[in-house]
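Read in order, the letters of the sequence shown correspond to residues 4 to 269 in my numbering. Glycine included, every Cβ here is placed at the ideal spot set by N, Cα and C. Here's the structure, in structure tokens; my notes come after.
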Amino acid sequence: MAKGAVKMTRSIAFNNAAIEIKNVDRTYIDANGNLVEALRNVNLSIRAGEFISFVGSSGCGKTTLMRLIAGLDKPQSGELFLDDKKIESTNFERGYVFQQANLFPWETIEDNIAAGLKARKIYREHKSEVGEYIKLTGLQGFEKSYPHQVSGGMAQRASLARALINNPKVLLLDEPLGALDAFTRMDLQDKLIELWQKRGTTMVLVTHDVDEAIYLSDRIVIMTPRPGKIEDVVEVKINRPRNRNESEFIEIRKQILEKLHLANKH
Numbered sequence: 004m005a006k007g008a009v010k011m012t013r014s015i016a017f018n019n020a021a022i023e024i025k026n027v028d029r030t031y032i033d034a035n036g037n038l039v040e041a042l043r044n045v046n047l048s049i050r051a052g053e054f055i056s057f058v059g060s061s062g063c064g065k066t067t068l069m070r071l072i073a074g075l076d077k078p079q080s081g082e083l084f085l086d087d088k089k090i091e092s093t094n095f096e097r098g099y100v101f102q103q104a105n106l107f108p109w110e111t112i113e114d115n116i117a118a119g120l121k122a123r124k125i126y127r128e129h130k131s132e133v134g135e136y137i138k139l140t141g142l143q144g145f146e147k148s149y150p151h152q153v154s155g156g157m158a159q160r161a162s163l164a165r166a167l168i169n170n171p172k173v174l175l176l177d178e179p180l181g182a183l184d185a186f187t188r189m190d191l192q193d194k195l196i197e198l199w200q201k202r203g204t205t206m207v208l209v210t211h212d213v214d215e216a217i218y219l220s221d222r223i224v225i226m227t228p229r230p231g232k233i234e235d236v237v238e239v240k241i242n243r244p245r246n247r248n249e250s251e252f253i254e255i256r257k258q259i260l261e262k263l264h265l266a267n268k269h
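What follows is the structure, encoded as structure tokens:
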């Protein structure tokens with residue numbers, strides 16, 4: 004197989020997977036009283052330390068699946084596991100970063116980052132780590148600033164630091180860069196890769212941006228429109244750092260867009 008070639012398959016299983024999703028279905032009643040089938044028979048293994056992305060049309064169940072992994076919601080049928088332990092509720096082992104930073108407006112950046120430690124009553128023992136994560140996310144000089152005093156990109160850096168300081172096994176990223184300008188978005192993509200490589204945290208990303216998925220991911224999961232099912236799993240074999248203008252990158256983009264087009268016909 005040539006350098007950067009793409010291997011496509013409908014299911015890939017790994018030994019010692021960090022996350023196992025088995026036969027998951029999720030339906031709910033919408034605001035108009037209609038029954039909505041969000042997910043149907045979803046099966047996937049995510050290995051420890053992997054960076055994986057979910058792409059698909061709006062409403063295909065990507066965020067629903069993230070909420071299930073986080074323990075914020077439960078499936079009608081099927082099960083989800085983290086390191087062989089069934090996921091039944093939220094836990095600090097699974098950090099969640101939303102599209103909006105959702106920082107506490109009355110707290111400084113420093114105190115926002117420390118919020119999880121304080122909630123777990125371990126702040127005193129880990130107080131020194133707050134400064135380490137401020138440095139790691141490039142927020143030096145803004146420790147005493149409030150959320151309204153910093154840019155959207157800085158607020159998202161603080162949100163990442165707040166999630167990472169709890170040392171989660173899995174970091175769930177629900178379109179965290181979607182509201183940012185192009186330059187800030189690319190800057191934070193590089194910061195995500197840096198954090199991922201330093202920490203070895205399993206990262207699961209939902210995004211509508213195919214280029215973002217290719218730039219960041221080991222694998223890309225393509226989902227069908229509602230009811231959300233896994234249409235294909237694309238393995239990205241390009242050495243990092245990646246160049247969006249290289250032929251391998253462009254070829255993968257083309258194949259994913261073709262797969263998304265096929266998925267949307269289902």
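Next item on the list: Determine the burial state of Lys257: buried for a count of at least 16 other Cβ atoms within 10 Å of its Cβ, exposed for fewer.
Entry: exposed
Note to self: Threshold first: 3 residues or longer. Then list the beta strand (DSSP E) segments lying entirely within the region 177-230, N to C.
What the structure shows: 205-209, 222-226
Checklist line | When Pro171, Ala161, Asp76 are compared against Gly52, the one with the closest alpha-carbon | finding: Pro171
Next item on the list: Find out if the Cβ-Cβ distance for the pair Asp33, Gln79 is shorter than 8 Å.
Entry: no
Next item on the list: Indicate whether Leu142 and His129 have their beta-carbon atoms separated by less than 8 Å.
Entry: no
Notebook entry, point to check: Is it buried or exposed for Gln200, if we count other Cβ within 10 angstroms and need 16 for buried?
Noted result: exposed
Check: Short check: CB of Leu139 to CB of Leu75, under 8 Å?
Finding: no
Next item on the list: State the CB to CB distance for the pair Leu180 and Arg188, rounded to an integer number of angstroms; the pair is presumed to be in contact (CB under 8 Å).
Entry: 5 Å
Note to self: So, under 8 Å CB-CB, Val116 and Ala164 are touching, yes? Tell me the CB distance rounded to an integer number of Å.
What the structure shows: For the sequence presented, residue 116 should be read as Ile rather than Val. Sure, about 5 Å apart at Cβ, within 8 Å.
Check: Using the C-alpha atoms, what's the distance from Val173 back to Thr204?
Finding: 6 Å
Check: Can you tell me the Cα-Cα spacing of Glu178 and Leu106, whole angstroms?
Finding: 16 Å
Notebook entry, point to check: Excluding sequence positions up to five away, which residues of its chain have a Cβ less than 6 Å from the Cβ of Gly155?
Noted result: Leu183
Checklist line | Coil, strand or helix - Tyr99 by DSSP | finding: strand
Check: In this structure, does DSSP put Val58 in helix, strand or coil?
Finding: strand
Item checked: Cα-Cα separation, Glu110 to Leu85 -> 32 Å
Notebook entry, point to check: Helix, strand or coil: which one does DSSP assign to Met11?
Noted result: Its pLDDT being 38, under 50, Met11 is placed unreliably in this model, and the value from its coordinates should be taken loosely. Of the three classes helix, strand and coil, the one that applies to Met11 here is strand, per DSSP.
Check: Do the region 88-102 and the region 230-247 touch if we need at least three Cβ pairs shorter than 8 Å?
Finding: no
Margin query: Suppose contacts are defined by Cβ-Cβ distances below 8 Å. Is Gly231 in contact with Arg43 by that definition?
Written below: yes
Note to self: Helix, strand or coil for Arg286? Go by DSSP, reduced to three states.
What the structure shows: Past the boundaries of the shown model lies residue 286; the chain is included only from 4 to 269, so the question cannot be answered.
Next item on the list: Compute the Euclidean distance between the alpha carbons of Thr12 and Ser56, then round it to the nearest angstrom.
Entry: Low local confidence applies: a pLDDT of 36 at Thr12 is under 50, so the model's placement there is unreliable, with the coordinate-based value given in what follows. The alpha-carbon atoms of Thr12 and Ser56 are separated by roughly 15 Å.
Notebook entry, point to check: Taking buried to mean at least 16 other C-beta atoms within 10 Å of its own C-beta, is Asn19 buried or exposed?
Noted result: A caution first: Asn19 carries a pLDDT of 46, below 50, which makes its placement in the model too unreliable to give a value.
Check: Is Met226 near Gly59, with beta carbons less than 8 Å apart?
Finding: yes
Next item on the list: Can you tell me the Cβ-Cβ gap for Asp235 and Lys262, rounded? I've got them flagged as a contact below 8 Å.
Entry: 5 Å
Next item on the list: Let me know the secondary structure DSSP gives Asn169 once reduced to three states.
Entry: coil
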